[in-house]
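Read through the structure below, which is laid out as C-alpha cells, and then see the notes.
In the working numbering, the protein residues as written are 124 to 462.
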C-alpha cells in the first residue's frame with residue numbers, strides 16, 4: 124500500500140521518561156521541569172544514573188542447564204531512561220561478568236552459573252549507582268536422576284513399621300536433591316500392588332510402611348517423575364496363622380441355615396491375619412467361602428435346625444484342619460478386633 128504525503132515527512136521531537144512519551148510541544152511547565160526540557164524546546168539529554176533496577180530470572184535454575192537472564196534498567200533523577208552506551212556491570216558470587224552497555228536505558232546479559240546447588244545474590248551497577256540485590260537459586264538436576272532403594276534391615280515381617288528409603292539422591296554434578304520432593308513407590312506381590320509416596324529428607328527419599336499385610340517377596344521400585352529406578356526385591360517372609368482359631372456356630376431355624384463365625388485368627392507374629400485372606404469351609408451340607416476382615420469372617424451353610432455337632436474342614440493360607448463344631452446360641456455381640 125502506498126501513502127502519498129502532501130509535504131516532507133519528519134519526526135516530531137518527543138520526551139520519554141518514567142511517565143510515558145509526550146511531544147515536546149505539549150509539555151507543561153511542571154513536566155518540562157521534570158524532564159529538564161524547556162516548554163516548546165528540544166528535550167534535554169538524560170542526566171546521570173540515579174536509580175538502577177535489576178530484574179533477574181528465572182528464580183530457580185537447574186544446575187548445568189538454565190541460564191540466568193539479568194536485566195538492568197537505568198533512570199536519572201527525573202525518571203528518564205539513561206542515555207545509550209552507559210557501562211553496566213553485573214556481579215554474581217562466581218565473579219564479575221563482562222561489562223555491557225545500555226541501549227534505550229536497558230542493559231542485559233545471559234549467564235550460565237556454575238552447576239553447584241546454592242542460593243546466591245546478584246547485583247548491577249550503572250555508573251556509580253548500584254541496584255538493590257536480587258536473589259537466584261541453583262537446584263539439582265532431577266531430569267536424569269534414577270532412584271535406587273536401600274535394602275531394609277531384616278527381618279521385615281517381624282516389626283510393626285518398616286522404614287524404607289532410597290540410596291543418596293544426587294545429580295550428575297553431585298548436588299543433593301532438596302527436601303520435600305515427592306517420589307512414587309510401587310510394590311508388587313502375590314496379593315497385588317501397594318503404593319506409597321516417599322518424600323526426600325536429607326538427600327534420601329523416605330517412607331514408613333506397615334508390612335503386616337505383606338508376605339512373600341515384594342518387588343519394590345521408586346520413580347522420580349519419568350525416571351524409574353531398578354526393581355528391589357524385599358522378602359517379608361510368610362504370614363503363619365495360629366492353629367485352632369475360635370469358631371462359633373448357631374442356627375437360623377426359619378431359613379434352615381447355620382451361621383459360622385470364625386476368628387479372630389492370629390499369626391505367629393502376634394498380629395491378626397491380613398484383611399482379604401481367603402477362607403474356605405467344607406461340610407457334608409455344602410461349601411462356603413469368604414474373606415477375613417479384622418481377622419474374622421462369617422459364613423452361612425444350608426443346615427436344618429436341631430441337628431447335632433458336625434465336622435467341617437477349615438482351609439486358609441498356611442492352615443488346614445478338621446474341626447468338630449456344635450451349634451449353640453448366637454454370640455451376644457460381634458467380636459471386636461483388637462491387637
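C-beta: ideal position from N, C-alpha, C; glycine also. It should be emphasised that the depicted structure is a prediction, and the values quoted were computed from it without experimental measurement.
Using only the alpha-carbon positions, how far apart do residue 186 and residue 261 sit?
Along the chain shown, one-based indexing puts residue 186 at 63. Along the chain shown, one-based indexing puts residue 261 at 138. Between residue 186 and residue 261, the C-alpha separation is close to 6 Å.
Go through its chain and collect everything with a Cβ distance to residue 242's Cβ below 7 Å, but skip five positions before and after it.
Your numbering for residue 242 matches position 119 in the chain shown. Around residue 242: 258 and 260.
Using the three-state DSSP reduction, which class does residue 162 fall into: helix, strand or coil?
Residue 162 sits at position 39 when you count from the first residue of the chain shown. In this prediction, residue 162 has a pLDDT of 47, which is less than 50 and means its spatial position is unreliable; nothing more can be read from the coordinates.
Give every residue of the same chain whose Cβ lies closer than 7 Å to the Cβ of residue 269, excluding the five residues on either side of it in the sequence, and list them in chain order.
As a working note, residue 269 is residue 146 in the chain shown. Same-chain partners within the cutoff: 350 and 352.
For the segment 297 to 308 against the segment 229 to 247, are there 3 or more C-beta pairs whose distance is under 8 Å?
Touching, yes.
With distances taken between CB atoms, is the gap from residue 385 to residue 364 smaller than 8 Å?
In the chain shown, counting from the first residue as 1, residue 385 sits at position 262. In the chain shown, counting from the first residue as 1, residue 364 sits at position 241. No, they are not a contact pair.
Of all the beta strand (DSSP E) runs that stay within the bounds of the segment 263 to 336, which reach a length of 3 or more residues?
Listed in chain order, the complete beta strand (DSSP E) runs (minimum 3 residues) inside the segment 263 to 336 are 285 to 288, 307 to 312, 315 to 319, 322 to 324 and 327 to 332.
Drop a sphere of 10 angstroms on the beta-carbon of residue 163, count the other beta-carbons inside from all chains shown, and report buried for 16 or more, exposed for fewer.
Position 40 of the chain shown holds residue 163. For residue 163, the predicted structure reports a pLDDT of 48, less than 50, and the residue's modelled location is therefore unreliable. A value from the coordinates is still provided. The residue is exposed, with fewer than 16 neighbouring Cβ atoms inside 10 Å.
Assuming contact is defined by CB atoms lying nearer than 8 Å, are residue 249 and residue 169 in contact in what I supplied?
Position 126 of the chain shown, counted from the start, is the residue given in the question as residue 249. Position 46 of the chain shown, counted from the start, is the residue given in the question as residue 169. Their beta carbons are not under 8 Å apart, which means residue 249 does not touch residue 169 by this criterion.
Just to check my reading of the structure: residue 406 and residue 435 have Cβ atoms closer than 8 Å, yes? What is that Cβ distance to the nearest angstrom?
Counting from 1 along the chain shown, the entry for residue 406 is found at position 283. Counting from 1 along the chain shown, the entry for residue 435 is found at position 312. That pair is a contact at about 5 Å.
Leaving aside the five residues before and after residue 222 along the sequence, list all residues of the same chain whose C-beta is less than 6 Å from its C-beta, in chain order.
As a working mapping, residue 222 is identified with position 99 in the chain shown. Here the set comprises 210 and 212.
Decide yes or no for the touch test of the segment 283 to 291 against the segment 320 to 338: beta carbon pairs closer than 8 Å, at least 3 of them.
Flag = yes, the segment 283 to 291 and the segment 320 to 338 touch.
Between the alpha carbons of residue 176 and residue 192, how many angstroms are there, rounded?
Within the chain shown, the letter at position 53 stands for residue 176. Within the chain shown, the letter at position 69 stands for residue 192. If I take the Cα positions, the gap works out to 14 Å.
Only counting runs of 3 or more residues, tell me where the beta strand (DSSP E) segments fall wholly within the segment 405 to 449, in order along the chain.
Those beta strand (DSSP E) runs which fall completely within the segment 405 to 449 and span 3+ residues are 409 to 414, 420 to 425, 433 to 439 and 442 to 448.
Tell me the DSSP bridge mates of residue 230?
As a first step, residue 230 is located in the chain shown; it is residue number 107 there, counting from the start. Partner(s): 195.
Which residue from 315, 178 and 409 puts its Cα closest to that of residue 116?
No answer is possible for residue 116: it lies beyond the span of the chain, which begins at 124 and ends at 462.
Go through its chain and collect everything with a Cβ distance to residue 371's Cβ below 6 Å, but skip five positions before and after it.
As a first step, residue 371 is located in the chain shown; it is residue number 248 there, counting from the start. Around residue 371: 384 and 454.
Report the CB separation of residue 403 from residue 412 in whole angstroms; it is logged as a contact under 8 Å.
Locating residue 403 in the chain shown gives position 280, where the first residue counts as 1. Locating residue 412 in the chain shown gives position 289, where the first residue counts as 1. At roughly 5 Å, the Cβ-Cβ gap stays under 8 Å, so residue 403 and residue 412 are in contact.
Considering only the beta carbon of each residue, do residue 373 and residue 440 sit closer than 8 Å?
As a working note, residue 373 is residue 250 in the chain shown. As a working note, residue 440 is residue 317 in the chain shown. No, they are not a contact pair.
Check for me: the beta strand (DSSP E) holding residue 341 runs from which residue to which?
In the chain shown, counting from the first residue as 1, residue 341 sits at position 218. Unbroken beta strand (DSSP E) run through residue 341: 340 to 347.
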